[in-house]
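These notes concern the structure reproduced below.
In the numbering used here, the protein residues as written are 163 to 587.
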């Protein structure tokens with residue numbers, strides 16, 4: 163019996179590479195068609211903010227729109243051409259992933275085993291596809307993020323010499339993508355541009371990329387400053403501030419500061435007292451949710467009243483930025499929330515694999531971890547056998563630059579995740 167199993171195991175590895183690629187490609191095609199059929203027969207689901215997107219799509223020229231323009235523009239185009247929105251977004255996602263393979267990998271190996279494996283893994287994310295294909299809101303978020311990475315790679319790893327005009331064009335495209343769908347993505351782009359500029363200026367390995375790094379830094383900072391008012395008008399920062407104050411156990415600290423105040427009748431002391439009253443009211447009657455509380459019952463945390471935007475910003479500054487230890491506590495809170503709310507990111511995998519396939523509902527996250535871990539081990543062992551001596555060699559100049567580039571993206575992603583955890587986005 164063991165001889166038969168070992169023979170079967172060996173025979174699997176004796177399958178010609180071309181046959182294996184064809185088999186895996188057929189699996190990818192099957193998954194692709196399955197989702198396409200599902201989107202053809204399933205209607206689009208509407209959420210409360212979906213109607214805001216539709217209203218913006220109907221009045222694109224209006225400056226009072228509450229949503230960024232990119233997705234409403236897509237809705238306007240699909241509506242005018244009478245196209246099904248879920249199918250259009252589906253093809254946009256697949257096209258973006260194919261472009262990522264094309265621009266960020268060897269073009270002669272577009273249908274390589276690695277690329278097809280990534281595509282299959284992408285198509286096996288049921289919650290992602292159910293959201294992108296059936297929900298109206300921000301269905302092209304993944305595609306926008308992919309194109310930001312593509313333009314970053316084209317900027318720093320061009321196939322031919324990049325001109326100054328091209329560098330500016332890529333940087334502008336990155337900045338526009340970062341603000342026209344979800345303005346908070348600009349925080350990630352700014353983080354990447356600052357880190358790359360510092361490394362290119364002070365590090366030897368990335369010195370050849372000084373010019374594109376400087377261009378990216380100047381352009382993104384300029385876009386951020388020029389579009390700041392636009393970003394704030396499209397951001398739910400007021401609601402996020404109110405929710406953070408009401409849910410971060412800040413009452414005891416504010417009460418202690420109120421008792422320590424030398425002048426309890428000062429304007430700041432009275433303001434802190436109003437914040438405390440609002441937080442206690444929200445906890446007692448509205449489950450610490452300022453979004454559902456009637457605005458007339460609140461004194462400071464009126465998250466839906468535009469006249470109170472500056473007031474909320476002042477409350478945020480007093481609570482988290484007036485003392486050094488408050489800033490440190492805010493950083494600690496972001497880590498605590500990331501661990502608690504997302505379970506170090508594992509609950510995100512649980513969302514992607516669990517809710518839409520019954521067999522994976524309870525164990526989806528563990529299945530995902532095991533699948534990716536086994537895939538990585540298999541790839542590592544196979545690569546080690548094929549090119550064992552190369553692991554001992556020092557990296558080339560291009561290899562060092564690529565390692566730095568990927569490291570910057572990963573490092574910024576971690577801090578961006580912590581930012582989102584504390585901002586409530």
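All C-beta atoms, glycine included, are put in the ideal place defined by N, C-alpha and C.
Can you give me the start and stop residues for the alpha helix (DSSP H) that residue i sits inside?
i           : result
residue 405 : 399-409
residue 294 : 288-296
residue 315 : 303-318
residue 419 : 413-422
residue 158 : A question about residue 158 goes unanswered here, because the residues of the chain that appear run from 163 up to 587.
residue 264 : 247-266
residue 281 : 275-285
residue 233 : 232-242
residue 427 : Residue 427 -> no alpha helix (DSSP H), and no H or E assigned at all.
residue 229 : Careful: residue 229 lies outside any alpha helix (DSSP H) and carries neither H nor E.
residue 325 : No alpha helix (DSSP H) contains residue 325, which DSSP labels as neither H nor E.
residue 216 : 212-220
Please state the DSSP three-state secondary structure of residue i.
i           : result
residue 453 : coil
residue 207 : strand
residue 540 : helix
residue 558 : coil
residue 199 : helix
residue 367 : coil
residue 389 : coil
residue 333 : helix
residue 459 : helix
residue 498 : helix
residue 345 : coil
residue 194 : helix
residue 485 : coil
residue 574 : helix
residue 299 : coil
residue 350 : helix
residue 356 : helix
residue 444 : helix
residue 272 : coil
residue 464 : coil
residue 182 : helix
residue 567 : helix
Report buried or exposed for residue i, applying the criterion of at least 16 other Cβ atoms within 10 angstroms of its Cβ.
i           : result
residue 107 : The structure shown does not extend to residue 107, since the chain spans only 163 to 587, so no value can be given for it.
residue 440 : buried
residue 309 : buried
residue 318 : buried
residue 291 : buried
residue 390 : exposed
residue 169 : The predicted position of residue 169 is uncertain, since its pLDDT is 44 and thus under 50; a value taken from the coordinates is nonetheless stated next. By the neighbour-count rule (16 or more Cβ atoms within 10 Å), residue 169 is not buried but exposed.
residue 570 : buried
residue 333 : buried
residue 568 : exposed
residue 534 : exposed
residue 460 : buried
residue 449 : exposed
residue 205 : exposed
residue 293 : buried
residue 429 : exposed
residue 494 : exposed
residue 342 : buried
Rounded to the nearest angstrom, how far is the Cβ of residue i from that of residue j, given a contact under 8 Å?
i           : j           : result
residue 489 : residue 500 : About 17 Å; that fails the 8 Å criterion.
residue 264 : residue 272 : 6 Å
residue 504 : residue 583 : 7 Å
residue 465 : residue 452 : 5 Å
residue 209 : residue 285 : Actually they do not touch by this definition, with Cβ atoms about 24 Å apart.
residue 416 : residue 403 : Not really, about 14 Å apart at Cβ, beyond 8 Å.
residue 387 : residue 463 : At roughly 29 Å, the Cβ-Cβ gap does not stay under 8 Å, so residue 387 and residue 463 are not in contact.
residue 355 : residue 379 : 5 Å
residue 266 : residue 315 : 5 Å
residue 260 : residue 238 : Wrong, their Cβ atoms sit about 25 Å apart, outside the cutoff.
Contact between the stretch 369-379 and the stretch 326-337 (3+ Cβ pairs under 8 Å) | With a cut-off of 8 Å, the stretch 326-337 and the stretch 369-379 count as touching, because enough Cβ pairs lie within range.
Taking one C-beta from the stretch 412-420 and one from the stretch 464-475 each time, how about it: are there three or more such pairs within less than 8 Å?
-> no
Hey, is the stretch 278-289 in contact with the stretch 330-350, meaning 3+ C-beta pairs nearer than 8 Å?
-> no
Please confirm if the stretch 296-307 is in contact with the stretch 182-195, defined as three or more CB-CB distances below 8 Å between the two stretches.
-> no
Using 8 Å as the threshold, is the stretch 346-357 in touch with the stretch 577-587, meaning 3 or more CB pairs across them?
-> yes
Any 3 or more C-beta pairs closer than 8 Å across the stretch 195-207 and the stretch 246-262 = yes
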